[in-house]
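As you go down the protein sequences, you meet chains A and B in turn. In terms of UniProt numbering, the first sequence opens at residue 1 and continues consecutively. In terms of UniProt numbering, the second sequence opens at residue 1 and continues consecutively. Below is one structure; the comments refer to it alone.
Number of protein chains: 2
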Amino acid sequence: MLRRYLPILDWGRRYDRRALANDLIAAVIVTIMLIPQSLAYALLAGLPPEAGIYASIVPILLYAVFGTSRALAVGPVAVVSLMTAAAVGQVAQQGTAGYAAAALTLALLSGGMLVLMGVLRLGFVANFLSHPVIAGFITASGILIATSQLKHILGVPAEGHTLPQMLAALWMQLGQTNLITLVIGVLATGFLFWVRTNLKPFLRGLGTPPLLADILTKAGPVAAVVTTTLAVWALGLAERGVKIVGAVPQSLPPLTMPALSPDLVGQLLLPALLISVIGFVESISVAQTLAAKKRQRIDPDQELIGLGAANLGAAFTGGYPVTGGFARSVVNFDAGAETPAAGAFTALGLAIAAVALTPLVYYLPNATLAATIIVAVLGLVDLSILRKTWAYSRADFAAVAATILVTLVVGVEAGVASGVLLSVLLHLYKTSRPHVAEVGLVRGTQHFRNVNRHQVGTDPEVLTLRVDESLYFVNARFLEDLIQRRVTDGCAIRHVVLMFSAVNAVDYSALESLEAINQRLRDMGVGLHLSEVKGPVMDRLRKTHLLDELNGRVFLSQFDAWQALSPQPARQTAAQ
Amino acid sequence: MLRRYLPILDWGRRYDRRALANDLIAAVIVTIMLIPQSLAYALLAGLPPEAGIYASIVPILLYAVFGTSRALAVGPVAVVSLMTAAAVGQVAQQGTAGYAAAALTLALLSGGMLVLMGVLRLGFVANFLSHPVIAGFITASGILIATSQLKHILGVPAEGHTLPQMLAALWMQLGQTNLITLVIGVLATGFLFWVRTNLKPFLRGLGTPPLLADILTKAGPVAAVVTTTLAVWALGLAERGVKIVGAVPQSLPPLTMPALSPDLVGQLLLPALLISVIGFVESISVAQTLAAKKRQRIDPDQELIGLGAANLGAAFTGGYPVTGGFARSVVNFDAGAETPAAGAFTALGLAIAAVALTPLVYYLPNATLAATIIVAVLGLVDLSILRKTWAYSRADFAAVAATILVTLVVGVEAGVASGVLLSVLLHLYKTSRPHVAEVGLVRGTQHFRNVNRHQVGTDPEVLTLRVDESLYFVNARFLEDLIQRRVTDGCAIRHVVLMFSAVNAVDYSALESLEAINQRLRDMGVGLHLSEVKGPVMDRLRKTHLLDELNGRVFLSQFDAWQALSPQPARQTAAQ
């Protein structure tokens, strides 16, 4: 029991020197990557830069205790930072103490919800977010985030949480562009793109060992930070209008209290839920992918508790909502992290940075951080999901397209909500018109297949329908209509057999429909039979009067039904 | 084409003398039944009594032209009258011209929606109302309606649209009870109950011919109307505080214009939709039940057009929303109605009543009409649905219970909405945790069944799972977790076979999950195979890379998979 809630007891007992060495190497690489990212994501969330660093210390430690993934790297991530900005921006003014306090409240609510969902084993609610909706949402978020950073590249103020708002604000402010800021931003962005795509092959070409090439590539953002900071300091660019990070408190994470007014909590409940679910979904998919590579297991309910604990930690130590990041978890895994201890060492690295390195980022230009974010999030933008879903299924395409469009034009919460709603409605619509195949006997076998796809034998007096859907209220009447139409059109029909091999459930509405069908067929002098009814469905039907009143029989297999209902001569004719 | 939209062209050509005679008899019986009912339902809807008569003339004629049911009797019905009162009561004061005009608007909107749904073939939206939700809603409506009539029996004013409001209002007014009204009401109610349950057996016992006994029973309400009207007139009870119907205009239905202010239309849109859908569902179920008895066919989309035309007719001739009534359609059918012409003759009967009989109901006490309603609607109240659904499935029970409770306590619209929402959520929840059976070979056959229910042969190296649900976003991750758990727990497993006989669809999320499962199993060195994939599912999977990248094969039948994957010695051991 204790070990279920504290996975650290499991891996901690077997921790050895080899694991320690591997975890330490991974921690160094992730720390180098995380320092500029945590500053940048705090900027994206509208918070002071230190919030990003604080959000990467205690939350990581808590996840190391409660989480089940060996490789997941927890901390501030782009999409959740954007959602935080959108949610907190609606209840407080950016830059105020109220804003930071509301971000803590959001982390508290999100952490509380995650822990609660984990304890109540409600991880399945995340399933309401379909893959296409998540892909569409992340793509749209990437576009929103990249656009939101353009103001830092241009060095102009521009507010707005939707794409049209942001573009309009940027357009209005274009004349105020600070050229020096623009040069720094464009150079940094170009450099980071080059590092991302070309540095590693370039270094390998020079004969650099793979691990070193890898570390140097990951250190690319650090190089951009150092270079631009030095340039701003040496050339006195801050006096020329280049916005800089400025003074960052030099301390370990402080103990903070989230604001808890009922009004604020009420307004943040829904955003907190969305942040929790989206953060969880992002996290669990990367955790499971990485775990599978080593044949390890992730317990989704315990992951909820781990992420919840991390967010509660963020709420009380000056952070904001966190989750498992995709890119940094993959880096962690590739660098050889063996246990959550690697995360703990990363936290240690960040703590050292918080105490020792913060004065060094005083002259760091915001444009460089914006460049870091832009290069990071453009990797999230993948419009190919539109083409892929279009090719596979129009319903999935509609859900993606709606999610992207509404996220960009209305906002992140409306985007997710409309995607989920549309997915559910389209699913219900599809199951409301199930595929029903008339089947016949494949010659020389005991198999029954669709008469339109296969050469099969049939009998005009026996209509056999294979219903390819569970029967429930949304399609109950469909079956009534279908059978009535088929039987009134086919005058020779004396028996209707419903083949239930693909009927996984029959709800009360469908039961009443079956009773109505039975009654109507009896009025018409036609028998109603069932075949291949599954165990769980049969268990339930046995509790009702349907089987007693059935105007026909229940057959174990469709072949039994055929042998019993179709007279020998008809069968011989049909099978020829 | 024309004949699709005008079913009258179909049956009208073959109309003969025998059909005419049968239709005439049915029309007489239904007319006798309909006169007091239409006055009473208008009272329930909060409208002047003539509105009920008008709603029974032109709408019936229009349905006779456009409807497909041979037996459906259209007109004012109890549940729709209640819903009209609830909807119109929110936008206008009862007794004002605005109230009547809003009722016309409601009929117009409802008619327009029904016709539109019919033309667009959207009849399936009615399927979102599950049988239990409808049963619960009708039961709760019956209770609400009966309670709402108690004020007429007591002769007191009492407003309110929910059960607690009505009971509180009645309690406050109890002291003002008019004793004469109470005596009339109680006697009329008792008499009508006796007629309903005992008169027919009593008359048959006296040797009355069945048809006459039937007509006399149906005329029971007329007898109550005549007797109490005469009593009130002869004894001058109206001056003693007995509320009477009063002056009813003596005319054919007038030409009326529904109010059309944008505000009003906006407020009535949702109620109109609910009235349309509920009216359609009630109508179509009785129409189909009656049609089946004569092996006739109902076209649901054309029914929408027929009911829509009837409502449009009501909107322009002083009526209010109408639909096909259950009790009166059964009476119509039992009395021998052969074609919609029976309805036309009923309309003629009502038109004569409107012109000639209205002065005679001047002294008709409201208490008698209330008694008519109470006796009619108590037949709708059937709390056994709670017991039946409880026995069959907790999910259906929850939907019924929520519908009944919310309808009584909050209102009709909230009641239906919460029932639908809960049904959908519970369905999604159920399909999010599908039944997955591990199957093995039944000895001596080619059949594979659940290892927990049957004596079957298995092979420790081959895990065969039969997934009993379509794979879609709500359960995609469930399968990922399940397979990862089973494979990490069972170290000997070398092949996983997913038996797809009950998988009716695979959406894009599930496709990505299958790809993830495939990738993870490959990382673990385990093969992934599919068997018994249905045609429509296979068509879709062929458009993707899954089949090319599959870390295993697709087998036509599970038996093929077993033969290919399980080595001969293992099979022999397993089958022993």
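Beta carbons: idealized from backbone N, C-alpha and C, even for Gly. What you are looking at is a predicted structure, and each value in this text was computed from that prediction instead of being measured.
Problem - Closer than 7 Å at the beta carbon, the chain B residues around G535 (chain A) - result: Here residue 535 (chain A) corresponds to residue number 535 of the first sequence, with the count starting at 1. Per Cβ cutoff of 7 Å: N450, R453.
Handout entry: Residue from B:D548, B:D489, B:V410 whose Cα sits closest to the Cα of Q165 (chain B)
Key = Walking along the second sequence from the start, residue 165 (chain B) turns up at place 165. Scanning B:D548, B:D489, B:V410 for the CA closest to the CA of Q165 (chain B) turns up B:V410.
Practice task
Using a Cβ-Cβ cut-off of 8 Å, state whether residue 618 (chain B) counts as contacting chain A.
Solution key: The structure shown does not extend to residue 618 (chain B), since chain B spans only 1 to 576, so no value can be given for it.
Handout entry: Straight-line gap, P249 (chain A) to E50 (chain A) (C-alpha atoms, nearest Å)
Key = Stepping through the first sequence from its first residue, residue 249 (chain A) is reached at position 249. Stepping through the first sequence from its first residue, residue 50 (chain A) is reached at position 50. Put simply, the backbone Cα of P249 (chain A) is about 7 Å away from that of E50 (chain A).
Practice task
Return the first residue and the last residue of the beta strand (DSSP E) that L441 (chain B) is part of.
Solution key: Indexing the second sequence from 1 puts residue 441 (chain B) at position 441. DSSP places L441 (chain B) in the uninterrupted beta strand (DSSP E) bounded by 435-442.
Exercise for the section: Ignore the nearest five residues each way along the sequence and tell me which others in residue 578 (chain A)'s own chain have a CB closer than 8 Å to its CB. Expected result: Absent from the structure is residue 578 (chain A), since the part of chain A shown begins at 1 and ends at 576.
Problem - DSSP three-state assignment for A351 (chain B), whether helix, strand or coil - result: For the purposes of this step, residue 351 (chain B) is taken as the residue at position 351 of the second sequence. Residue state, collapsed to three classes: helix.
Handout entry: chain B contact residues for D523 (chain A), given Cβ-Cβ distances below 7 Å
Key = Locating residue 523 (chain A) in the first sequence gives position 523, where the first residue counts as 1. Simply A292, K293.
Exercise for the section: In the DSSP assignment, find the unbroken alpha helix (DSSP H) run with D468 (chain A) in it and report its ends. Expected result: Position 468 of the first sequence, counted from the start, is the residue given in the question as residue 468 (chain A). Taken as a continuous stretch (DSSP letters only), D468 (chain A) belongs to no alpha helix (DSSP H), being part of the beta strand (DSSP E) at 462-468.
Exercise for the section: Count the other CB atoms, across all protein chains shown, that sit within 10 Å of the CB of Q572 (chain A); report buried if there are 16 or more and exposed otherwise. Expected result: Stepping through the first sequence from its first residue, residue 572 (chain A) is reached at position 572. Model confidence at Q572 (chain A) stands at a pLDDT of 47, short of 50, so the residue's coordinates are unreliable; what they give is reported in the following sentence. With fewer than 16 Cβ atoms within 10 Å of its Cβ, Q572 (chain A) is classed as exposed.
Handout entry: S509 (chain B) versus M83 (chain A) - alpha carbon distance
Key = Translated into the one-based positions of the second sequence, residue 509 (chain B) becomes position 509. Translated into the one-based positions of the first sequence, residue 83 (chain A) becomes position 83. Roughly 23 Å separates the two Cα atoms.
Practice task
Give the residues of chain B in contact with L511 (chain A), contact being defined as C-beta atoms less than 7 Å apart.
Solution key: For this step, residue 511 (chain A) is matched to residue 511 along the first sequence. Result: Y392.
Exercise for the section: In angstroms with no decimal places, state the Cα-to-Cα distance between P201 (chain B) and L116 (chain B). Expected result: The count along the second sequence starts at 1 and reaches residue 201 (chain B) at position 201. The count along the second sequence starts at 1 and reaches residue 116 (chain B) at position 116. Between P201 (chain B) and L116 (chain B), the C-alpha separation is close to 46 Å.
Practice task
Could you say which of B:E159, B:F137, B:G136 lies nearest to T147 (chain B) if we only look at CA atoms?
Solution key: As a working note, residue 147 (chain B) is residue 147 in the second sequence. T147 (chain B) has its Cα closest to that of B:E159, out of B:E159, B:F137, B:G136.
Practice task
Compare the C-beta of H495 (chain B) with all C-beta atoms of chain A and state if any pair is closer than 8 Å.
Solution key: On the second sequence, position 495 is the one that residue 495 (chain B) refers to. Interface annotation, H495 (chain B): not in contact with chain A, CB-CB separation never under 8 Å.
Practice task
Using a threshold of 8 Å, state whether the C-beta atoms of P365 (chain A) and T228 (chain A) are closer than that.
Solution key: Locating residue 365 (chain A) in the first sequence gives position 365, where the first residue counts as 1. Locating residue 228 (chain A) in the first sequence gives position 228, where the first residue counts as 1. For P365 (chain A) and T228 (chain A), yes; Cβs fall inside 8 Å.
Exercise for the section: Confirm, please, whether the CB-CB distance from A347 (chain A) to I60 (chain A) is below 8 Å. Expected result: Against the first sequence, residue 60 (chain A) aligns to sequence position 60. Against the first sequence, residue 347 (chain A) aligns to sequence position 347. Yes, Cβ-Cβ distance for I60 (chain A) and A347 (chain A) is below 8 Å.
Exercise for the section: Tell me, please, whether the CB atom of Y472 (chain B) is closer than 8 Å to any CB atom in chain A? Expected result: If you number the second sequence from 1, residue 472 (chain B) lands on position 472. Interface residue, yes.
Problem - CB contact flag (L72 (chain B), S283 (chain B), <8 Å) - result: Within the second sequence, numbered from 1, the residue matching residue 72 (chain B) stands at position 72. Within the second sequence, numbered from 1, the residue matching residue 283 (chain B) stands at position 283. Yes, the Cβ-Cβ distance between L72 (chain B) and S283 (chain B) is below 8 Å.
Handout entry: Local conformation of G324 (chain A) per DSSP, three classes
Key = As a first step, residue 324 (chain A) must be located in the first sequence, where it is residue number 324. G324 (chain A): strand per DSSP, three-state reduction.
Practice task
Give me the Cα-Cα distance between A564 (chain A) and K534 (chain A), rounded to the nearest whole angstrom.
Solution key: Here residue 564 (chain A) refers to the residue found at position 564 of the first sequence. Here residue 534 (chain A) refers to the residue found at position 534 of the first sequence. Going by the C-alpha atoms only, they are around 20 Å apart.
Handout entry: Option in A:L380, A:G379, A:N22, A:A398 with minimal Cα separation from R387 (chain A)
Key = In the first sequence, residue 387 (chain A) corresponds to position 387, counting from 1. Considering only A:L380, A:G379, A:N22, A:A398, the residue with the shortest C-alpha distance to R387 (chain A) is A:A398.
Practice task
Starting from A132 (chain B), find everything on chain A with Cβ-Cβ shorter than 9 Å and list it in chain order.
Solution key: As a first step, residue 132 (chain B) is located in the second sequence; it is residue number 132 there, counting from the start. In the sequence on display, residue 132 (chain B) carries Pro and not Ala. F473, D507, Y508, S509, E512, listed in chain order.
Exercise for the section: Determine the contact status of D468 (chain B) and N504 (chain A), defining contact as a CB-CB distance below 8 Å. Expected result: Residue mapping note: residue 468 (chain B) aligns to position 468 of the second sequence, counting from 1. Residue mapping note: residue 504 (chain A) aligns to position 504 of the first sequence, counting from 1. Their beta carbons are under 8 Å apart, which means D468 (chain B) touches N504 (chain A) by this criterion.
Practice task
Determine the burial state of S56 (chain A): buried for a count of at least 16 other Cβ atoms within 10 Å of its Cβ, exposed for fewer.
Solution key: In the first sequence, counting from the first residue as 1, residue 56 (chain A) sits at position 56. Of the other Cβ atoms in all chains shown, 16 or more fall within 10 Å of the Cβ of S56 (chain A); this residue is therefore buried.
Problem - Proximity winner among A:D523, A:L405, A:A342, A:L290, relative to E516 (chain B) (alpha-carbon distances) - result: To locate residue 516 (chain B), count along the second sequence from 1; it is residue 516. Looking at the sequence provided, one finds Ala at residue 516 (chain B) rather than Glu. Ranked by Cα distance from A516 (chain B), the first of A:D523, A:L405, A:A342, A:L290 is A:L290.
Exercise for the section: Output the distance between the C-alpha atoms of I180 (chain B) and L211 (chain B), rounded to the nearest integer angstrom. Expected result: Numbered from its first residue, the second sequence carries residue 180 (chain B) at position 180. Numbered from its first residue, the second sequence carries residue 211 (chain B) at position 211. Taking the straight line from one Cα to the other gives about 36 Å.
Practice task
State yes or no: is the beta carbon of P460 (chain B) nearer than 8 Å to at least one beta carbon in chain A?
Solution key: The count along the second sequence starts at 1 and reaches residue 460 (chain B) at position 460. Not an interface residue.
Practice task
For R18 (chain B), collect the residues of the same chain with a Cβ closer than 7 Å to its Cβ; drop the 5 residues on either side in sequence, then sort them by chain order.
Solution key: If you number the second sequence from 1, residue 18 (chain B) lands on position 18. Contacts found: none.
Handout entry: According to DSSP, residues forming a beta bridge with A399 (chain B)
Key = Here residue 399 (chain B) refers to the residue found at position 399 when the second sequence is read from its first residue. According to DSSP, residue pairing for A399 (chain B) in a beta bridge does not occur.
Handout entry: DSSP beta-bridge partners of L530 (chain A)
Key = Start at 1 with the first residue of the first sequence, and residue 530 (chain A) comes out as number 530. Its beta-bridge partners are A:L498, A:V554.
Exercise for the section: Please decide whether E469 (chain A) counts as near chain D, where near means a Cβ-Cβ distance under 8 Å. Expected result: In the structure shown, chain D cannot be found, because the protein chains are A and B.
Handout entry: Interface positions of the region 126-150 of chain A facing chain B (Cβ-Cβ less than 8 Å), listed along the chain
Key = Those would be A126, N127, F128, L129, S130, H131, P132, V133, in chain order.
Practice task
Using a Cβ-Cβ cut-off of 8 Å, state whether residue 577 (chain A) counts as contacting chain B.
Solution key: Nothing about residue 577 (chain A) can be read from this structure; chain A reaches only from 1 to 576.
Practice task
Please look up how many angstroms separate the CB atoms of L47 (chain B) and A101 (chain B), rounded, as I've assumed it's under 8 Å.
Solution key: For the purposes of this step, residue 47 (chain B) is identified with residue 47 of the second sequence, where counting begins at 1. For the purposes of this step, residue 101 (chain B) is identified with residue 101 of the second sequence, where counting begins at 1. Approximately 11 Å separates the beta-carbon atoms of L47 (chain B) and A101 (chain B); this is outside 8 Å, ruling out the contact.
Handout entry: Closer than 8 Å to chain B by CB, L6 (chain A)
Key = By one-based count along the first sequence, residue 6 (chain A) stands at place 6. Closer than 8 Å: no.
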